[in-house]
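Read the structure below first, then the notes.
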Amino acid sequence: MALSIGATLQIRSRRYSHNPKIFYHSAIDLSNRVFGSVSLPSLQSILLVVVHSLIDPGGCDVWTLTHIAMAHAVDLGIHREASTSGLFSSTAIELRRRVFFCVYSLDRSISTIQGRPLGLGDETFDVQLPELSDAQVQLINNRIRSDEFDDIATLSYSIQTFKMAQLVSKIKSEFYRLPVHLDFSRDYTTAREQLRDELGNWFAESTAIVLGTTDEDQRLRLITKLQIQYHGAMCLLHQPSQAIALPGDEALKVCYSSATQRLHLFEVLHDSGVLCHSWRTVQDMFLASATIMYCVYISAAVRSSVSIISLSKDFRACSSMLSVGGEWWPTIRKAKYSLERLSNYILETLADIPESDGAEMRVGRQPFPHDHTPDVANWPEPEISGTNSVQQTFLDVTFLDVVNHDGRMIDFFDETLTNVLMGEMQANSGFDTAFWDGFD
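Going by this note's numbering, the sequence shown opens with residue 828, and the numbers climb by one from there.
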């Protein structure tokens, strides 16, 4: 399975020409021997299958696989901290920690992308985060080059990713709960500010650690990926949630800013030739663009702070990166087409709005002219042939869809939002709820 993953990535880098499916099928042929029992090696094998499915459109259901992995972790007891005075050596304990937090971070990431419940609550485990050994710290301090030094850099970055997964878990548990479980007497705005400070502290700490443990040729890539994680969490914190269904303009400005920063950072990775078009990457890029659209559409304050030129540039950047991803993920093409149609509509509509128009979407008025008719004839045409063809419908289908890893499409906006965006119904406070149905 590891060879299949490596071959897939090398093919996309134009460095390898053999079919990675050969390795994949060989691994599957041996799977009965591996998955016949619950063990740490079998759990590690499941993680490899998850990683493979994240980069291969024909892979397995990552949501189900991640929960199977979490069940294995609990069954093995690696969610509990082991004592060095017992049956486990310090090396074995460190391995247990790393495997558990790999499962944990995947669960938090996939659950957030798909808007689904977390697999295992933070209150149900006490295993500690992995940590660098004294010998590894000494190598870092002395800047001693060795084969282990690169592993240290990877581990340092991974530990920061695990910490971010914990912060995402806090945000999800705090703001994305069923209304019946929310305490509306609580000041969620204050809680949001506290979590925002925690995210800022995480970013400062993680950046310093990566700078101190990596070589210059790795720093740009790893720090850029940390920034992408940070801005993703900022969007999750400030966008509409069950706890704060109607965030204020300042929160939406933060959300808009972080979404645009994510696109710019993905573009940095793309231009550097180190952007892997995985299922998560494609989801994140699409979500960033959709978030930008929402913030611009819903808030007059955001609209007044952005230019059509910069907005158009961001949409083109996302479309360009999705085009590259579409080479490996055919189902991305429909999502890209939907994104382009909606972005064109928003840009056309913004161009028709007088600068003095400060209409606020959330008070029951449409900021866009009621009689506006988009120039549909000049919109990009969909692919109309082949197995991945897009039906030439306009309002009959959900307008924004996100590509699922198994080729299915996840509804991002429902038909209510679609009609609002197309100017077919009067906006009201239910808009935010309709939008958020696509998140959680």
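Quick reminder that beta carbons are idealized off the backbone N, C-alpha and C, glycines included.
Note that this is a predicted model, so its numbers are computed, not measured.
query = Under the three-state reduction of DSSP, which class applies to Pro-1006: helix, strand or coil?
reply = helix
ask   = Which residue from Ser-1126, Glu-1043 and Thr-1176 puts its Cα closest to that of Lys-1080?
value = Ser-1126
query = Taking buried to mean at least 16 other C-beta atoms within 10 Å of its own C-beta, is Gly-1075 buried or exposed?
reply = exposed
inquiry  = Please state whether the Cβ-Cβ distance between Trp-1070 and Leu-1009 is less than 8 Å.
reply    = Before going further, note that residue 1070 is Ala rather than Trp in the sequence given. A contact, by the Cβ cut-off of 8 Å.
message = Only counting the same chain, and skipping five residues up and downstream in sequence, which positions put a Cβ closer than 7 Å to that of Asp-952?
response = Note on identity: in this sequence residue 952 is Phe, with Asp being the wrong assignment. So the list reads His-906 and Arg-907, once near-sequence residues are dropped.
message = In this structure, how does DSSP classify Thr-951 when only helix, strand and coil are distinguished?
response = helix
task = Return helix, strand or coil for Ile-849, following the three-state DSSP convention.
result = helix
inquiry  = So, for Gln-993: in the same chain, excluding its five sequence neighbours on each side, which residues have a beta-carbon less than 6 Å away from its beta-carbon?
reply    = none
query = Quick check: the region 843-856 against the region 893-912, are there 3 or more CB pairs under 8 Å?
reply = no
key: Meets three-Cβ-pair contact criterion under 8 Å: the region 953-966 and the region 1014-1032   = no
inquiry  = the ligand FMN and Pro-1006: does the residue's C-beta get closer than 7 Å to at least one heavy atom of that ligand?
reply    = The ligand FMN is absent from the structure shown, which contains no ligands of any kind.
task = Tell me whether Ile-937 sits in a helix, a strand or coil according to DSSP, three-state version.
result = helix
key: Residue closest to Met-1112, alpha-carbon to alpha-carbon, out of Leu-1177, Leu-966 and Leu-1149   = Leu-1149
Range covered by the alpha helix (DSSP H) that runs through Arg-1089 = 1076-1099
ask   = How about the region 1058-1069 and the region 1079-1095: do they share at least three Cβ pairs that are nearer than 8 Å?
value = yes
key: Pairwise C-alpha distance: Asp-1179 and Asp-1044   = 46 Å
query = Going by Cα to Cα distance, which pick from Arg-925, Leu-914 and Ser-1147 is closest to Asp-1098?
reply = Ser-1147
key: Cα-Cα separation between Ser-1116 and Thr-1051, rounded to whole angstroms   = 18 Å
task = Can you give me the start and stop residues for the alpha helix (DSSP H) that Thr-1051 sits inside?
result = 1043-1065
inquiry  = Within 8 Å, do at least three Cβ pairs link the region 942-949 to the region 987-1006?
reply    = yes
ask   = Do you know whose CA, among Ile-967, Gln-1088, Val-1101 and Val-861, lies nearest Gln-837's CA?
value = Val-1101
7 Å Cβ shell around Val-878 - same chain, five flanking residues per side excluded = Ile-832
key: Rounded separation between Gly-1153 and Ser-938 - CA only   = 23 Å
ask   = Taking the C-alpha atoms as reference points, what is the distance between Asn-969 and Phe-862?
value = 43 Å
query = Around the Cβ of Val-876, are there at least 16 other Cβ atoms within 10 angstroms (buried) or fewer (exposed)?
reply = buried
ask   = Buried or exposed: Val-865, going by 16 or more other Cβ atoms within 10 Å of its Cβ?
value = exposed
key: Candidates Ser-983, Val-1133, Val-1123 and Leu-1063: closest to Val-995 by CA position   = Leu-1063
task = Output the distance between the C-alpha atoms of Asp-1202 and Arg-1019, rounded to the nearest integer angstrom.
result = With a pLDDT of 42 at Asp-1202, under the threshold of 50, the modelled position of that residue is not reliable, and the figure given next carries that caveat. Going by the C-alpha atoms only, they are around 41 Å apart.
message = Once the 5 residues before and after Thr-1118 are set aside, which same chain residues still bring their CB inside 7 Å of it?
response = Cys-1062, Gln-1066, Cys-1082 and Ala-1086
Leu-892 beta carbon less than 8 Å from that of Ile-873 = yes
N- and C-terminal bounds of the alpha helix (DSSP H) containing Ser-1105 = No alpha helix (DSSP H) holds Ser-1105; DSSP gives it neither H nor E.
task = Measure the C-alpha to C-alpha separation of Phe-915 and Gln-955 and round it to an integer number of angstroms.
result = 15 Å
ask   = Which one of Gly-885, Gly-886 and Met-897 has the shortest CA to CA distance from Leu-870?
value = Met-897
query = For Tyr-931, which three-state DSSP category applies?
reply = helix
ask   = Taking DSSP as the reference, what is the three-state secondary structure of Asp-978?
value = helix
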